[in-house]
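Student:
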Amino acid sequence: MRVLIFADGGREKGMGHVVRMKLLADEMKSRCSITFYTNEESASYLASGHWQVLVKPEQGQKDFIVREINQQAPDMLLFDLLNMPSDWLEAIKAKSAARIVLFEEKQEKTIRLCDAVINGIYGEVKSRTYRLGNALVCEGPEYIILHPGFKKAKRAYRLKKECRTILVSLGGSDPKKLVFKVIEACRHVPDIERKKVIFVMGDAASHAEEARALIAQKPYYAMVKQTNDMSALLRQADMAVVSGGITLYETVCTGVPCIVLSQVPHQTVTAGKFAAAGAAVDLGLGEKISAAELARHMSEMSGHFPLRLGLHQNGTPLVDGKGIKRAAAMLYDL
1 MRVLIFADGG
11 REKGMGHVVR
21 MKLLADEMKS
31 RCSITFYTNE
41 ESASYLASGH
51 WQVLVKPEQG
61 QKDFIVREIN
71 QQAPDMLLFD
81 LLNMPSDWLE
91 AIKAKSAARI
101 VLFEEKQEKT
111 IRLCDAVING
121 IYGEVKSRTY
131 RLGNALVCEG
141 PEYIILHPGF
151 KKAKRAYRLK
161 KECRTILVSL
171 GGSDPKKLVF
181 KVIEACRHVP
191 DIERKKVIFV
201 MGDAASHAEE
211 ARALIAQKPY
221 YAMVKQTNDM
231 SALLRQADMA
241 VVSGGITLYE
251 TVCTGVPCIV
261 LSQVPHQTVT
271 AGKFAAAGAA
281 VDLGLGEKIS
291 AAELARHMSE
301 MSGHFPLRLG
311 LHQNGTPLVD
321 GKGIKRAAAM
331 LYDL
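Each residue of the sequence shown is one higher than the one before, counting from 1 in the UniProt record's numbering.
#1: Look at the alpha carbon of Ala94 and the alpha carbon of Trp88, and state the distance between them as a whole number of angstroms.
#2: Taking DSSP as the reference, what is the three-state secondary structure of Arg112?
#3: Could you tell me how far apart the beta carbons of Leu24 and Ile145 are, in whole angstroms, since I believe they sit closer than 8 Å?
#4: Check whether the Cβ atoms of residue 335 and Gly284 sit closer than 8 Å, and answer yes or no.
#5: Taking the alpha-carbon positions, what's the Trp51 to Leu307 distance?
#6: Where Ser302 and Met239 are concerned, what is the direct C-alpha to C-alpha distance, given to the nearest angstrom?
#7: What whole-angstrom Cβ distance do Leu178 and Leu261 have, given they're in contact under 8 Å?
#8: Tell whether a beta-carbon distance below 8 Å holds between Ser33 and Val18.
#9: Looking at C-alpha atoms only, which residue of Glu300, Lys322, Asn70 is the closest neighbour of Pro190?
#10: Assuming Asp282 is part of the alpha helix (DSSP H), what are its boundary residues?
#11: What are the start and end residues of each continuous alpha helix (DSSP H) run of 4 or more residues lying completely inside the region 34–89, in chain order?
#12: Smallest Cα separation from Gly49: which of Glu40, Ile65, Lys22?
#13: Who does Lys196 pair with in a DSSP beta bridge?
#14: Determine which residues share a DSSP beta bridge with Ala222 and list them.
#15: Return helix, strand or coil for Thr227, following the three-state DSSP convention.
#16: Output the distance between the C-alpha atoms of Met230 and Gln71, rounded to the nearest integer angstrom.
#17: Give me the Cβ distance between Val224 and Ile246, rounded to the nearest whole Å; I'm assuming they're in contact under 8 Å.
#18: Check the C-beta distance from Met84 over to Leu102 and give it rounded, since I have them as a contact under 8 Å.
#19: Would DSSP call Arg2 helix, strand or coil?
#20: I'd like to confirm the pairing. Which residues does DSSP put opposite Arg131 in its beta bridges?
#21: Using 10 angstroms around the beta-carbon of Glu40, count the other beta-carbons present and answer buried if the total reaches 16, otherwise exposed.
#22: Is Cys258 helix, strand or coil by DSSP?
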C-alpha cells in the first residue's frame, strides 16, 4: 500500500503531530511504502531509512500537495495538520481516489470529506466509534497513538510509597517556557534536595541550553534532551509534572500520578477530562499559574501517598497503550 503522510511540527506548533505520525509509520512500514511531507523544522526528526521525507514549501501548499498526490498516485493519504482546510480536501478528491484519513480533526465539514478520522485526544474518556456522513470516526483514549514501549511500562510500573523521583516533561518544544516556572517551584518543595528531578526537553525547545545551565546548578537535577524511550523514564518516576498533550496520555498509561500544566487552550480540555476522572491534577494554562501555587501542589502530591495512589488507581484503566495497533488495523481495513 502506497501511503503519503502530511504532518508539521516545531517550536510554535509543538511536536505532537509529527511524533504521532512517526510512531504510526514505524508500525506500518513493513506493509506500506511511505513518504512524509513536512515543514523544515520537522524534517530532521522524521528522517529514517524506512521512508522518504520531503519538505513542503511555505507558500502555495494546496497546489503543491495536489500536484504531488497526482504524481505519486497513493492508495492512502494521512493528514495530521492542525485545522485541515476543507478546500484542500475538495481539491484532492477532485483529482484522486485515495482514501483520506485525518487525525485530531473536529471540523464537521472537513470530516465529511474524508474516509476516516482518528481522534485519540478528542472525545470523552470512554472511547467510541460512529459515522459522520461517510466518514468513520474513532475517538477517545483507545485510539491514542503511543510508543509500543508503554504497554510494557504499564505492566512493570509499581508506585512507591515514598516520592523519590519527579519527572518534568512539558512537550517537545515547551512553547510557553514553563520549565523555568517548574525550576522555580522546585525550590519551595520540602526535601527537594533528597529527591531526583528529571527534566525532559525536546530538540525543538529554543531555550533548552538556558534551562540546562540552571539545572546543572543542582546535583539532584538531571536533564534529558530528546529521548526515544520516554516509557523507561516514566517507569522511574513517583510523580510527574507534564503538559496536556501526548505526554499526559503516556504518563496516565504508565500509571504515574501527575500535575498538568497545559501549554495551549485545547490541552486544558484533555487535562480537564482526566481530572474529572480523578486521574490527574489539572492546573489549567501553565502561563497563568504562579510558581508558588505550583510549588504548593507539587509539595502536596510528593508528600501525600494516598493522593498519588488515588490518581494512579483511577488513571491506569483509562489508557491501555494499544491505540497504535487499533489505528493501524483500522487503516488496513479501509
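C-beta: ideal position from N, C-alpha, C; glycine also.
Nothing here was measured: the structure is a model prediction, and the numbers come from that model.
Tutor: Walking through what the data contain:
#1: Going from the Cα of Ala94 to the Cα of Trp88 covers about 10 Å.
#2: Looking at Arg112 - three-state DSSP - the assignment turns out to be coil, as it is neither helix nor strand.
#3: 6 Å between Cβ atoms; contact.
#4: Residue 335 is absent from the model: the chain starts at 1 and stops at 334.
#5: Straight-line Cα distance between these residues: approximately 45 Å.
#6: Ser302 and Met239 have their alpha carbons spaced roughly 7 Å apart.
#7: Indeed, because the Cβ distance is near 5 Å, the residues count as touching under 8 Å.
#8: For Ser33 and Val18, no; Cβs fall outside 8 Å.
#9: Ranking Glu300, Lys322, Asn70 by CA distance to the CA of Pro190 puts Glu300 first.
#10: Taken as a continuous stretch (DSSP letters only), Asp282 belongs to no alpha helix (DSSP H), being part of the beta strand (DSSP E) at 281–285.
#11: The qualifying runs are 40–46, 61–72.
#12: Residue Lys22 holds the alpha-carbon nearest to the alpha-carbon of Gly49 among Glu40, Ile65, Lys22.
#13: Its beta-bridge partners are Thr165.
#14: In DSSP, Ala222 forms a bridge with Ile198.
#15: In this structure, Thr227 counts as coil in the three-state DSSP scheme.
#16: Distance from the CA atom of Met230 to the CA atom of Gln71, rounded to whole angstroms, is 38 Å.
#17: Between Val224 and Ile246 a beta carbon distance of about 16 Å is seen, past the 8 Å cut, so the two are scored as non-contacting.
#18: Contact holds; Cβ gap of about 6 Å.
#19: Residue state, collapsed to three classes: strand.
#20: Under DSSP, Arg131 forms a beta bridge with Leu136.
#21: When all chains shown are included, Glu40 counts as exposed.
#22: It is a strand residue.
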